[in-house]
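Notes to accompany the following structure.
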Amino acid sequence: MKPRDLVIQEEDATRITQILTRFLGDSGAGEALLIDRGGQLLAMDGVSRTLDTVSISALAAAAFSSTAAMAQLLGETEFTMLFHEGAKSSIHVSTVDKEAILLAVFDERTTVGMVRVFAKEASRAVGAVLGEARARPRPAGEFAAPLNAAESGPAWTPPY
Amino acid sequence: MAVINYAKKIIDFKIVYYGPGLAGKTANLQHIHRCLPHDNKGNMISLATGDDRTLYFDFLPVSALTVRGFETRFQLYTVPGQVQYNMTRRLVLRGVDGLVFVADSQFERLREDVESLRNLVANLREYECTLDEIPYVLQYNKRDLPNVAPVEYLEFVLNRRAKRVPFFEASAIEGKGVFDTLNTVSRMALASEFGGAREARNEAS
Amino acid sequence: MAIPRASRVRLIWWLELGLGLELYACAVLALHARGLRATPLLAAPALVIPALVIPALVIPPVFYLLVGLVSLRPFSLRQVLGAAVAMCGFHALLVAATGALYTIPDLLDFGSAVAFALWGSPAVTLLQLTAAPLVFARLRPLLSSPRPARRAQARATPPRRRAEVPGGAAARARDAAWSLPPREPAATMPSVPPLQRVLAVSSSAVAHGVQPVVASPLVLQPVVTPPAPPTPPTRALVRSETGEPMIRISFGRIADQLPVEMFARGREGLHATLRHGVSLLVPRRLLLPYLGEALAPVKWEVVADQFPRDELALSHEEIAGRLPHRSLLLPLDEVVPQIPAELLALSTPAANVYGLEEFPPPFQPHVPPPSETPAVDTRAPAEPAAIALAEPEPPPVSEPREEPEPPAEPEASAEPEGLAEPEPLAEPELFVEPLAPAEPTLPGEEEPSQPERGAEALADRGRTAEARRIIALLAPLMNGLEIGERDGAGTTLVTVVAPTLSEDSVVRTAARVVPFLADARLSDPVAQATLTGAEATIVLTPFGSPGAGGALLVTAVRSRASLAWLERLSRSAAGEARVPAENGGHSSPVGDPAEEMELRATSVPQSVRELAGSLTAFGPVAPTVLRDTAGSLRACLFLPRSLEAMPLAQFARDLYAALEEAEIGQVSSVILRVGAHRLVVRAMDGVPGRAAMLVGGGPIDRPGLARIELDRAATRLGALVRG
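Residue numbers (the working numbering), protein chains in the order written: chain P, 1 to 160; chain B, 161 to 365; chain R, 366 to 1088.
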């Protein structure tokens, strides 16, 4: 059975953003990305510079998945946390639930321990929101009715 | 698994290009990346070995259509085709919303195409999913080479499931057939998202 | 008369057999002519002389047993015994036949003649010993070929192939087919080379009979053509004797799968099989089940007999054991072209793909835009033909999609000639109409002199034509758009309005905004303004360069569907200037300076900072909060560092003031394209009286998202303002 799509309503997005904002404030991390394990970016906070969040999401999900596969080969279910240290920036990736992970980018203003502690809490909270979103029946409004020609159009027009 | 974000009015789809090694999956993405305008693509990421064999995946985010106010974005992935990277292929397949099977049309590579297709079905089974549930098209690549099998035979070998899916003849290195393939599989993914109710109604009636 | 090939071959073999027997008879009669007589002594059946009889009865079976032992391969005791028995039988028949021959000249009774034929003459016995094995060798394949076993069929096919080879030099011809030098078989064979070879390849059934025994070669079939080389590209249907379709594969294509040690002559033997023209034949039905797996395997046993036994150093069992899965893999590029298309046709239904046609193809390869700048003007001519202007009818849907015609219009526009120019280009009634309203609606431009007026009129037509083009392009989305030309605030407004809206309201609302489009407080003139009201959305786009004071394209629709597209179309229709106009085009601020409220920048609350971070569509922005002297929040701006907050705040307030109680209803937001930036201006919620403004700005790619985010920000900030 193909997995159901994930629908993030406005209130879900708001709640998740609030959780991420609080997480950043508490942990001192700079940026937080909530990423689906298939590589799609679900939510983010704190990203002020021109970060290629799309690529980072895909790579983070891939990295996490590959370490999870390694873990299974070692007899573990998965590694629940990844930490990669850089010269200035470091990343901390942790599981939210079976379908999502949380990536935090931080620098010397905080420590991995702080990030880890608050990431756990944030993951739990975000996981609850995602669980509710998944459990909700699929809204029939937007997509159920047949499309007419006016409803789909190019997001860009080719030059004439 | 598409991600529908009402807050940002975005729907994200994941399209995976599957196939045996050196079939032309990466060439497809490279051509798409070359030919799309800047506004409609992101950075292409290629995790490859020194001799340009895909090691983990290639990744290219593209967007083009707005449907009912939602921007639709497609994340294009390729898998490593070499036999030993099966675990990686399985990881990349996670959450797939559309599949392109890129087959090497040459006679001597047909057996690998068959094995790769079998491998795809097995990997999808790990996610409790079947090929019939996912928008899926076939691309018969390398049609420019001399010793290629006729399309009838390729269909006979690769398109023999319960339902025949659309196929495209292509030469990815020359760019032929690449956009036809992408346009169809992306529209199939869109139709499965937006037209699902109609299909259910049709089948119910 | 077309005799099937297989039958022809059998016919030839029978003829050979018959002729061979006839030769035997001639030889016997020749002996008789030379003086051999059946004497009563020798012919006495009752008088059994052991010295004569015993050898005559013992030697033939022993001899035939030895022949079978030496020549039959693969070795099987049962087969040897069977062959010996058969040959003894033939011997007996020959004896009987010879006896019959002797009855006439020698006037003996049959029994005596037979006895004589059996032991009466060593010469006759020798003839019989020679003839019996040869008859057996020819008769065996003739009798065994109808058997349905694959082995027999495979065995049968090479004989057909070899039948083409001339009978007389059979051994040499066969050697030629296998590319073996003639003398070598003699070296490897025992004393009777032709005989042995016949027996050795009896399963291959060489196409010669008893001819080698006779000195003069008997060329029965002058067919010398070597086997045709395999032609994989053509689907030449190869059939076996029984009519079964066969697949032909040249040996060279499977040679690398054969273990070298299987050949008696090693590599030389292997290479010998690779000569041009030598091919393997495989029944097609054996391959069909595997073709769907892109495989074409064939068991060794099926093709084993097509290899000359005397060339093989191993038994078939041993060879099969050395092949993967005891099979050879045939090359698909030779097999597939020989498969008829109907066998590869799939009967499964095509997958139902619902709803594809509802989506335009999402991705198009990028084509560099055409280099000529007046690209917009060149596309006017053909479109008007599709539009009904005088009558407010919905324009036809199909035609607007046509490609633009060659540019005749701009040529007319370029030359300041008479007004009659455009008429040959399009239907006259369509062109005449807009000229009439054009004149009375240009009150502000009566000053220009006549030639300029003429040029102006032509330019009007160009703009009108552009407006028509927009209608044509929008027709599938929004039927029944109406075009008009009005004056608003001293500027010509070319209007394209949805029929459900009041053109008057639209024009009046647009006129309120016109003076702000070149406001000095903006860094650049406004290239496009989008007003979102309760009842309508209006897009204002200046023709030509912004701030040049030219006409304005005003498009108004009811819903927000395809708004981005409408904006783009308007811009391309109006000839979007890539470079902003120089500041000289700016007008002075509209608001009375004396009435401007004094605003001061104050500290930014944390909540506002957080909001700034959430405005992802605007890029990196810094928040500014402006309060009046009384301390009430009057403006909150989220702008990049390159834009100054204070003048924009004043501008926004003045713009909103001008739009108060607009004819199209309350305006909820205004989006302005200013240079490389977009400004989103809206009032904050829940504020009585003169509204506090919220302005977001930056290089926005997604105005829809920007508007949503600003809406949310407005909701949050509303609480802040009230509190």
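Using N, Cα and C, we set each Cβ at its ideal position, and we do this for glycine too.
{"query": "First and last residue of the uninterrupted beta strand (DSSP E) at residue 1062 of chain R", "result": "1058-1063"}
{"query": "Where residue 53 of chain P falls: helix, strand or coil (DSSP)", "result": "helix"}
{"query": "Within chain P, partners of residue 247 of chain B - CB distance below 7 Å", "result": "69"}
{"query": "Listed by chain order, chain B residues near residue 26 of chain P by CB distance under 9 Å", "result": "Result: empty, since nearest Cβ-Cβ is about 23 Å, beyond 9 Å."}
{"query": "Selected residue, minimal CA-CA separation from residue 465 of chain R, among R:455, R:477, R:618, R:456", "result": "R:477"}
{"query": "Contact check, residue 652 of chain R vs residue 661 of chain R, beta carbons under 7 Å", "result": "yes"}
{"query": "Chain R within 7 Å of residue 325 of chain B, Cβ atoms only", "result": "yes"}
{"query": "Best match in B:207, B:217, B:342, B:201 for proximity to residue 54 of chain P [C-alpha to C-alpha]", "result": "B:201"}
{"query": "Within the region 981-1024 of chain R, ranges of the beta strand (DSSP E) (whole runs, at least 3 residues)", "result": "987-992, 998-1004"}
{"query": "Euclidean distance between Cα positions of residue 325 of chain B and residue 319 of chain B", "result": "7 Å"}
{"query": "Local Cβ density within 10 Å of residue 117 of chain P, reported as buried at 16 or more and exposed below that", "result": "exposed"}
{"query": "Cβ neighbour criterion (16 or more within 10 Å) applied to residue 307 of chain B", "result": "exposed"}
{"query": "Beta-carbon proximity list for residue 965 of chain R, same chain, < 7 Å, skipping 5 on both sides", "result": "991, 992"}
{"query": "Reduced DSSP category for residue 629 of chain R - H, G, I as helix; E, B as strand; rest coil", "result": "coil"}
{"query": "Boundaries of the alpha helix (DSSP H) in which residue 19 of chain P is found, first to last residue", "result": "10-27"}
{"query": "Contact list for the region 640-672 of chain R against chain B, Cβ threshold 9 Å", "result": "656, 657, 658, 659, 660"}
{"query": "Three CB pairs or more closer than 8 Å across the region 1072-1084 of chain R and the region 973-980 of chain R", "result": "yes"}
{"query": "Cβ-based burial, residue 1007 of chain R [other Cβ within 10 Å; buried from 16]", "result": "exposed"}
{"query": "Every unbroken alpha helix (DSSP H) within the region 655-693 of chain R, with a cutoff of 4 residues, ordered by chain", "result": "665-668, 681-687"}
{"query": "Proximal residues to residue 28 of chain P (C-beta, below 7 Å), its chain only, five neighbours per side dropped", "result": "106, 109, 110, 114"}
{"query": "Beta-ladder partner(s) of residue 178 of chain B, from DSSP", "result": "B:261"}
{"query": "Proximal residues, the region 6-38 of chain P versus chain R, C-beta separation under 9 Å", "result": "10, 14, 17, 21"}
{"query": "Any chain B beta carbon closer than 7 Å to residue 105 of chain P", "result": "no"}
{"query": "Cut-off 6 Å between Cβ atoms - residues of its own chain near residue 6 of chain P, not counting five sequence neighbours on either side", "result": "none"}
{"query": "Residue 177 of chain B to residue 236 of chain B span [Cα, whole Å]", "result": "7 Å"}
{"query": "7 Å Cβ cutoff, residue 293 of chain B in contact with chain R", "result": "no"}
{"query": "Member of P:13, P:25, P:21 whose CA lies at the smallest distance from the CA of residue 41 of chain P", "result": "P:13"}
{"query": "Close-in-space but distant-in-sequence residues of the same chain around residue 432 of chain R (CB under 6 Å, 5 per side omitted)", "result": "498"}
{"query": "Residue 104 of chain P in three-state terms, based on DSSP", "result": "strand"}
{"query": "The region 444-454 of chain R / the region 375-390 of chain R touching (three or more Cβ pairs under 8 Å)", "result": "no"}
{"query": "Under the three-state DSSP convention, the category residue 39 of chain P falls into", "result": "coil"}
{"query": "For residue 1042 of chain R, the first and last residue of its enclosing alpha helix (DSSP H)", "result": "From DSSP, residue 1042 of chain R is part of no alpha helix (DSSP H) but of the beta strand (DSSP E) over 1042-1048."}
{"query": "One or two residues paired with residue 84 of chain P in a DSSP bridge", "result": "P:91"}
{"query": "Separation of residue 700 of chain R from residue 338 of chain B, as counted between CA atoms", "result": "30 Å"}
{"query": "Buried/exposed call for residue 890 of chain R, threshold 16 Cβ in 10 Å", "result": "buried"}
{"query": "Where residue 440 of chain R falls: helix, strand or coil (DSSP)", "result": "coil"}
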